[in-house]
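My numbering puts the first residue of the sequence shown at 65, with every later residue one more than the last. Virtual Cβ for every residue (Gly too), placed ideally from N, Cα, C. Computed from a prediction, not measured in an experiment: that's the story for all the values here. Take a look at the structure set out below.
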Amino acid sequence: MAFDKTTRNRLATFVGKARDLIADEFTQQFQGLYGISENGTITPLDKLGHLDDIGKATASLLRERIDYFIKTHPDERDGEKAAVTRLAREQAFTILNRLAAIRMAEKRDLIVESVGKGYQSKGFKVFEQVAGAGLGVTYHRYRRYIFCLFDELAVDLGILFDRRSPQGLLFPRETALQELFTLLNASDLDPLWVEDETIGWIYQYYNDPAERKKMRDESAAPRNSRELAVRNQFFTPRYVVEFLTDNTLGRIWYEMTQGKTRLKEQCRYLVRRPIEIFLKPGEAVPAFATKDDLSQEELLKQPVYIPFRLMKDPRLLLMLDPACGSMHFGLYAFDLYEAIYEEAWDLNVESLRHDYPDKETLLIEVPRLIIEHNIHGIDIDPRAVQIAGLSLWLRAQKSWQAQRVRADKRPRIMRSNIVCAEPMPGSVEMLKEFIATLHPPLLSQLVEKVFVQMQLAGEAGSLLKIEEDIAHFVAEAKKLWSLTRKAEQTKFDLGMADKPNQGELPLDVSGISDESFWETAEERIYNALKDFAEQADSAGYQHRLFAEDAVRGFAFIDLCRKRYDVGVMNPPFGLGSKASEKYLNERYVG
């Protein structure tokens, strides 16, 4: 169905009501259950005698999350109050995204009905028959059921459904849940849950227009990463998505196949000339004179010579949307990639044929390959990252359904390449604890510099040239090391025993005796970040928060290190944030 103005208005009304309902519910839970007031005042845990052990554990985690926000956003005004607001907002958007995702999945027959009829949903009724009444009243049984469903979906979609995530600690109480069921299951919304664009519109409409206006009235430039995200959320029209993707990804494959591809019909906006001559390997464009007085019609009849482009294994044909939002470009690119993989196999791409000698096996694997290898996305808004991951997962399921691949036979998607550009954590204590284990001392200093530079990630996003910054840090350190070595040698030649005073140097280059260290210095930094992310997860919740940010921070760095064949985006408009202004001016303007 078309998302005309009436349809969009109806969806906007739903999102606004659902957002306010959940936000009010969680604010009440903060105050009434967990001793957290809107102004940031927090009741000591030992005063919450009304909570059971699970409730106390949740209250403790919420406090640690607030403390974490305060530490990682030290420049935010009214830190405690802002942290509580941020916490309520992230808990609310996560539960709405989760329930909307379940509604979309059940309407596509990907999961059994679980939300569509509330307590009367088929999946829950079966669960009740198996579980019996031992789990308490209906609400408690349903909550246990939906948590089990979250866990099952988290295997493929951990970015949205992982219940260990600090973004999803709360669940609506029964009254609010029933009201949410009423909103989700309104009859006039029913046709929208099968539409791929629905989740994208939910993302756009989640922000309150009055809040956006207030932001702009108070400051001409965004003051932080959230304001930057909110001000620049605009739904990209389908024709824009198709035109840009057709003439980047589509055009590359068109040239690799020398025009022997069905994409020339599938890509309706692909720009082609009437006379195109594909050159052979090593063949140069012939020199010829063009007359200045030719008409437009005569110009179109001139031959266009297309340089030879070597065909790639499609797994190496990488696309990046550096401001991906809800992944509109990726969803359309998915269609093109499916055609590209099939044609690559038909055209005997050797590496692909070697790994997949059977075409049917390849076609079953293609949806997984596209998500794991081809489509990459970065956004500064964690909601966008949740929804982008969901969008691609739903698109993959659609392909498997079309191939009649049973759910238990579908390949497991082990990873995606959708990341949130976020700052590394700002806790000095945890950072020092980590870098104290690194040797030589220079490695600790360089990793610390990366963490500091990553504080701009939320504002600068993919414009943060972190991989170039790391290379620069290493180059400067090597230069200092070389000068130090030269000074040592000079003193030795002059018979002076004293070495340069390390304490007077800006970096500690002691312990580096071999020039080969510098050949691997950058990789050592990346490996240190990766090792920390993998090891720190078991060191307690506060450390786990730090580790999860390090995981995301490392994933962001990893995407920045790659080189892509295609870049497509609907760029943000307006000014950058105040925090990133100096960096952007230095790197891109001055």
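Alpha-carbon to alpha-carbon, residue j and residue i
| i | j | result |
| --- | --- | --- |
| residue 622 | residue 585 | 16 angstroms |
| residue 350 | residue 474 | 50 angstroms |
| residue 97 | residue 487 | 31 angstroms |
| residue 78 | residue 348 | 59 angstroms |
| residue 238 | residue 205 | 11 angstroms |
| residue 133 | residue 233 | 15 angstroms |
| residue 511 | residue 591 | 10 angstroms |
| residue 368 | residue 392 | 32 angstroms |
| residue 214 | residue 453 | 15 angstroms |
| residue 156 | residue 471 | 30 angstroms |
| residue 649 | residue 517 | 15 angstroms |
| residue 420 | residue 171 | 33 angstroms |
| residue 542 | residue 582 | 7 angstroms |
| residue 409 | residue 530 | 37 angstroms |
| residue 320 | residue 479 | 28 angstroms |
| residue 560 | residue 442 | Bear in mind that the predicted position of residue 560 carries a pLDDT of just 47, short of 50, making it too unreliable to give a figure here. |
| residue 92 | residue 85 | 11 angstroms |
| residue 82 | residue 106 | 27 angstroms |
| residue 573 | residue 259 | 58 angstroms |
| residue 476 | residue 521 | 31 angstroms |
| residue 143 | residue 498 | 26 angstroms |
| residue 211 | residue 225 | 9 angstroms |
| residue 620 | residue 184 | 42 angstroms |
| residue 602 | residue 464 | In this prediction, residue 602 scores a pLDDT of 45, lower than 50, which makes its location untrustworthy; the coordinate-derived value is nonetheless stated afterwards. In a straight line, the C-alpha of residue 602 is about 36 angstroms away from that of residue 464. |
| residue 227 | residue 135 | 23 angstroms |
| residue 558 | residue 535 | Only weak support exists for where residue 558 lies, its pLDDT of 48 falling under 50; the coordinates are left without a value. |
| residue 634 | residue 549 | 50 angstroms |
| residue 122 | residue 229 | 12 angstroms |
| residue 545 | residue 587 | 18 angstroms |
| residue 334 | residue 202 | 56 angstroms |
| residue 496 | residue 508 | 9 angstroms |
Cβ neighbour criterion (16 or more within 10 Å) applied to residue i
| i | result |
| --- | --- |
| residue 440 | buried |
| residue 358 | exposed |
| residue 695 | As displayed, the chain neither begins before 65 nor continues past 654, which places residue 695 out of reach and without an answer. |
| residue 401 | buried |
| residue 261 | buried |
| residue 418 | exposed |
| residue 435 | buried |
| residue 387 | buried |
| residue 455 | buried |
| residue 27 | For residue 27 there is no data in the structure shown, the boundaries of the chain being 65 and 654. |
| residue 644 | buried |
| residue 306 | buried |
| residue 108 | exposed |
| residue 482 | buried |
| residue 137 | buried |
| residue 500 | exposed |
| residue 579 | exposed |
| residue 378 | buried |
Residue interval of the beta strand (DSSP E) (run including residue i)
| i | result |
| --- | --- |
| residue 206 | No beta strand (DSSP E) holds residue 206; the alpha helix (DSSP H) holding it covers 202-225. |
| residue 383 | 383-385 |
| residue 342 | 340-342 |
| residue 482 | 482-484 |
Residue span of the alpha helix (DSSP H) that contains residue i, given as start and end
| i | result |
| --- | --- |
| residue 647 | 645-648 |
| residue 148 | 143-171 |
| residue 396 | 392-410 |
| residue 576 | It is not in any alpha helix (DSSP H) - residue 576 carries neither H nor E in the DSSP assignment. |
| residue 428 | 423-433 |
| residue 194 | 186-195 |
| residue 514 | 505-517 |
| residue 525 | First-last for residue 525: undefined, no H or E at that position. |
| residue 461 | 446-466 |
| residue 242 | 238-248 |
| residue 415 | 414-419 |
DSSP beta-bridge partners of residue i
| i | result |
| --- | --- |
| residue 269 | Its beta-bridge partners do not exist; DSSP assigns none. |
| residue 440 | 384 |
| residue 631 | 384 |
| residue 368 | 340 |
Checklist entry - Which residue spans inside the stretch 93-117 form an unbroken beta strand (DSSP E) run of at least 3? => result none
Item to check | Whole runs of the alpha helix (DSSP H) within the stretch 295-328, excluding any shorter than 4 residues | outcome: 302-309 and 315-320
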